[in-house]
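Take a look at the structure below.
Listed below in structure tokens is the structure:
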């Protein structure tokens, strides 16, 4: 009886995971069409590639400033979606454009069926529901047989919130987002003051 119950739980989890993937697939299509029709730069991330629909200086900045793989320009929405398994998409705009247009639009469009988050003011990320740095750390801890009590996390963006909450010691940099600082145990020095190195020196050694 217990064995049958365990199999049922596994089947439910697999079905739920498949459902989330199918829902995110629809949002990927919507996001690509929105980017194409409104000429708002979008980058689709895969395991080791970045894909986009047209050239734009903001797209180039993801490679030159953030050192992500140089985005490959795909000839159509269909080509982009067929190319690979897309893990997340990012819209790029001015911080005002993200705040006043993109975030309200996609928060409403996703309706808690995907996660909308800003790592930095001029980018908007859409990722599958339940996907975060925190869930990634949980997977790593399960693999290593460790617990969150052994984790110190350092972050500065809204997309670091779940990771900071999970860690036994969460440190937000002083020039980070208000959402990150709100959940942190400690507010460290800023990026400009070598905040990450300072936090490691103070708390890890």
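In my numbering, the protein residues as written are 1 to 205.
C-beta: ideal position from N, C-alpha, C; glycine also.
{"Query": "Based on DSSP bridge pairs, tell me the residues matched to residue 45.", "Result": "50, 88"}
{"Query": "Count the C-beta pairs between the region 63 to 75 and the region 42 to 51 that are closer than 8 Å, then say yes if the count reaches three, no if not.", "Result": "yes"}
{"Query": "Between 204, 39, 155, which lies nearest to residue 58 when the distance is taken from Cα to Cα?", "Result": "39"}
{"Query": "Please tell me whether residue 160 and residue 180 are closer than 8 Å, where the distance is taken between their beta carbons.", "Result": "yes"}
{"Query": "Identify every run of the beta strand (DSSP E) within the region 56 to 101, keeping only runs that are complete inside it and at least 3 residues long; order them along the chain.", "Result": "88 to 92"}
{"Query": "With 16 other CB atoms within 10 Å as the buried threshold, where does residue 197 fall?", "Result": "exposed"}
{"Query": "Are the Cβ atoms of residue 83 and residue 51 separated by less than 8 Å?", "Result": "yes"}
{"Query": "What ranges does the beta strand (DSSP E) occupy inside the region 103 to 142, keeping only unbroken runs of at least 3 residues that lie completely in it?", "Result": "114 to 117, 123 to 128"}
{"Query": "What does a CB cutoff of less than 6 Å around residue 123 pick up in its chain, not counting 5 residues either side in sequence?", "Result": "90, 92"}
{"Query": "Within 10 Å of its beta-carbon, does residue 65 have 16 or more other beta-carbons around it, so buried, or fewer, so exposed?", "Result": "exposed"}
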